[in-house]
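Convert by adding 59 to the 1-based position in the sequence shown; the result is the number in this note's numbering. To start, the structure under review is shown below, and the notes come after it.
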Amino acid sequence: MAERAALDGNSERPGYLLGADALIPAEVLRDIAPLAEQRPLREPVDGVAEKGYRPSQSLIDFVRARDLTCRAPGCDQPAIDCDVDHTVPHSRGGSTHASNLKCLCRFHHLVKTFWGWRDRQLPDGTVIWTLPDAQTYITTPGSAVLFPTLLAPTVGPPTPPVCPPSGERSLKMPRRKFSRVGNRARYIAAERARNRQEVEASRPPEKPATPEQPGDDPPPF
Ligand SMILES: [Zn+2]
């Protein structure tokens, strides 16, 4: 990735090798530009979303160039290995537009979908996360330093407000009725009771006490 001015020799801003997290010096850009296949980045048109759920390749290219990495807090998975996620789900009216799309690695895509991570995206690509513990994190697109023009606000079509889905959609682990320690204590107590019953059942019945016969006593002399 490189700015047109750097390829033309009018800027000393370095390029960036997507997926390798490496900078390309401007002088190298000038050397390789005539030999490389150049694919101009098409910027999104304000207010015009693409039809359908899946973004076009040019829109995917723009979002990956803007984000550079996964947009989850603290994740640096390269954008080229990421899914392109609708921040407001397409099924709930979210547009297929750069202002509503961002890169998420597969792990964080699943975390968002199933573990209740909530996100809100601003027109410049900033994402505000709210995690299940109510902590809030803000992530900005990776191109903020190298290619700040890609953060120019992209205005999508009106998007319906995000409402929590009916019922709780996030997965929850089933709650234990009893703790492991409690279960073990119950098991031991039940085994002991069973053993006691078996011992009692196998014991021979006690003989009834026999009254003493007076004739058996030795004579008193
Ligand atoms: Zn990630």
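A virtual CB, placed ideally from N, CA and C, is assigned to each residue, including glycine. Since this is a predicted model, take the numbers as computed values, not measurements.
- Annotation: Leu205 to Gly215 spans about 24 Å, alpha carbon to alpha carbon.
- Of the residues Ala193, Leu181 and Asp192, the one whose Cα lies closest to the Cα of Thr199 is Leu181.
- DSSP places Leu190 outside both helix and strand once states are collapsed to three, so it counts as coil.
- For the pair Ile91 and Leu100, the Cα-to-Cα distance works out to about 18 Å.
- With a cutoff of 8 Å, Leu190 does not count as near ligand 1, since its C-beta is closer than that to no heavy atom of the ligand.
- With contact defined as three or more Cβ pairs closer than 8 Å, the region 171-181 and the region 97-113 are not in contact.
- Per DSSP, reduced to three states, the secondary structure at Thr155 is strand.
- In the structure shown, Gln97 adopts coil according to DSSP, grouped into three states.
- One Cα belongs to Leu76, the other to Asp120, and the distance between them is close to 14 Å.
- DSSP, reduced to helix, strand and coil, places Gly201 within a helical segment of the structure shown.
- Exclusion of the five residues before and after Thr146 leaves Gly153, Asn159, Leu160, Lys161, Asp178, Arg179, Gln180 and Val186 as the residues of its chain whose Cβ lies within less than 8 Å of its Cβ.
- By the criterion of a C-beta distance shorter than 8 Å, Pro191 is surrounded in its chain by Trp174, Gly175, Trp176 and Ser229, once the five residues flanking it on both sides are discounted.
- The beta strand (DSSP E) runs of length 3 or more contained entirely in the region 107-173 are, from start to end of the chain, 142-145 and 160-163.
- Leu209 sits close to Arg125, with the two beta carbons spaced by under 9 Å.
- Taken from the Cβ of Phe173, every heavy atom of ligand 1 lies 8 Å or farther away.
- Sequence-distant partners of Arg72 (beyond 5 residues in either direction) whose C-beta falls short of 6 Å from its own C-beta, in its chain, are Glu62 and Ala65.
- With respect to the 9 Å criterion, Pro103 and Thr213 are classified as neighbours on the basis of their beta carbons.
- Judged by the Cβ position, Ala124 fails to qualify as a neighbour of ligand 1 at the 8 Å threshold, every heavy atom of the ligand being at least this far.
- At a threshold of 8 Å, Leu163 counts as near ligand 1, since its beta carbon sits closer than that to one of the ligand's heavy atoms.
- Within the same chain, Cβ atoms closer than 7 Å to the Cβ of Arg165 are found at Asp142, the five residues on either side in sequence being excluded.
- In this structure, the CA atom of His168 is about 9 Å from the CA atom of Cys129.
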